[in-house]
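Everything below concerns the one structure shown next.
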């Protein structure tokens, strides 16, 4: 009986780790097209964003989680970013200049 409990616990932990890693946001490559600090928004031209259900390249306006992100980039910069869908639209949760 103890071995069944251990096996069940191990399986549950393994499944939880597998689901947790697949739920992480994938980085998206893009280019800064416009920055609107007053509105806390950035326009990014990017390739497919499978993590957001976008299969085609496009240019979109995103809100930013932290307005300080907007001061770290300028129009024309290549960036990698992560975003999530929210009730008010898409929000960039992480962004850095591409290397």
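In the numbering used here, the protein residues as written are 321 to 419. Ideal placement from N, C-alpha and C gives every residue a C-beta, glycine not left out.
Asked: Separation of residue 369 from residue 343, as counted between CA atoms; Found: Residue confidence for residue 343 is low, a pLDDT of 42 falling below 50, so the modelled location carries little weight and cannot support an answer.
Asked: Under the three-state DSSP convention, the category residue 371 falls into; Found: helix
Asked: Residue from 405, 409, 401, 410 with nearest C-alpha to residue 416; Found: 401
Asked: Close beta carbons around residue 398, own chain, < 6 Å, minus the five adjacent residues each side; Found: 351, 418
Asked: Distance between residue 366 and residue 349 (C-alpha atoms, nearest Å); Found: 6 Å
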